[in-house]
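Trainee: So the sequences go chain by chain: A and B.
Quick note, the first sequence lines up with residues 32 to 113 if you use the numbering used here.
Quick note, the second sequence lines up with residues 32 to 113 if you use the numbering used here.
Where is the CB? At the ideal position from N, CA and C, for every residue including glycine.
Quick one: the structure is below, questions incoming.
Number of protein chains: 2
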Amino acid sequence: MAKFLDVHSGYFGVTREQLAEAHARDLEIETDEGVHFERAWLDPESGKAFCLATGPTREAVVRIHERAGHPTGEVYELQIEV
Amino acid sequence: MAKFLDVHSGYFGVTREQLAEAHARDLEIETDEGVHFERAWLDPESGKAFCLATGPTREAVVRIHERAGHPTGEVYELQIEV
């Protein structure tokens, strides 16, 4: 199982409730691809959101985010952690 | 105390040892600014590195990374977490 961090842009002014709702949509379907989204963070001023996930492949993470309605091409495999 | 995620680019092919060494340079001086770098991740294929930190301000995180020799302007305050 690999670890991934993905980056979403353009989420200016998004609230905690909106982030929680988007994250819940991932959680609802994540097991279809063997993915788990552990955490989501947001900086509403820069509009950047980040998700930390585990899963079998980068593509699996991409597909869940697409189906949940918040696609991103910026999904990085965290091969090294210290 | 706020939480921050920063992004570094261009670290293609960096090894675990090199990341650990860079992270250690942050840890050596972080208390000067009341910052703590909790974790660092690297995707050597895309050259992206990410650090998760706590600290008083975004500028404090920027200054430690500058002094440690790996400056980045991409430091995001994680105001919202789910």
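Find the residues of chain A that neighbour D74/B, judging by a C-beta separation of less than 7 Å, and give them in chain order.
Mentor: Along the second sequence, one-based indexing puts residue 74/B at 43. Within 7 Å Cβ-Cβ: Y107, E108, L109 and Q110.
Trainee: Apart from the five residues just before and just after Y107/B, which ones in its own chain have a Cβ nearer than 6 Å to its Cβ?
Mentor: Counting from one through the second sequence, the residue named residue 107/B turns up at place 76. Hits under 6 Å: L36.
Trainee: Ends of the beta strand (DSSP E) at H101/B?
Mentor: Counted from its first residue, the second sequence places residue 101/B at position 70. Per DSSP, H101/B belongs to no beta strand (DSSP E) and is neither H nor E.
Trainee: What residues of chain A sit near R47/B, judged by a beta carbon separation below 8 Å?
Mentor: On the second sequence, position 16 is the one that residue 47/B refers to. Result: I111 and V113.
Trainee: According to the Cβ coordinates, are G100/B and Y42/B closer than 8 Å?
Mentor: One-based indexing of the second sequence puts residue 100/B at position 69. One-based indexing of the second sequence puts residue 42/B at position 11. No, the Cβ-Cβ distance between G100/B and Y42/B is not below 8 Å.
Trainee: Which chain B residues sit within Cβ distance under 9 Å of L36/A?
Mentor: For the purposes of this step, residue 36/A is taken as residue 5 along the first sequence, with counting starting at 1. Result: L36, W72, D74, K79 and F81.
Trainee: Indicate whether the contact test is met: 3 or more Cβ pairs, each with one atom in the region 43-58 of chain B and one in the region 69-76 of chain B, closer than 8 Å.
Mentor: yes
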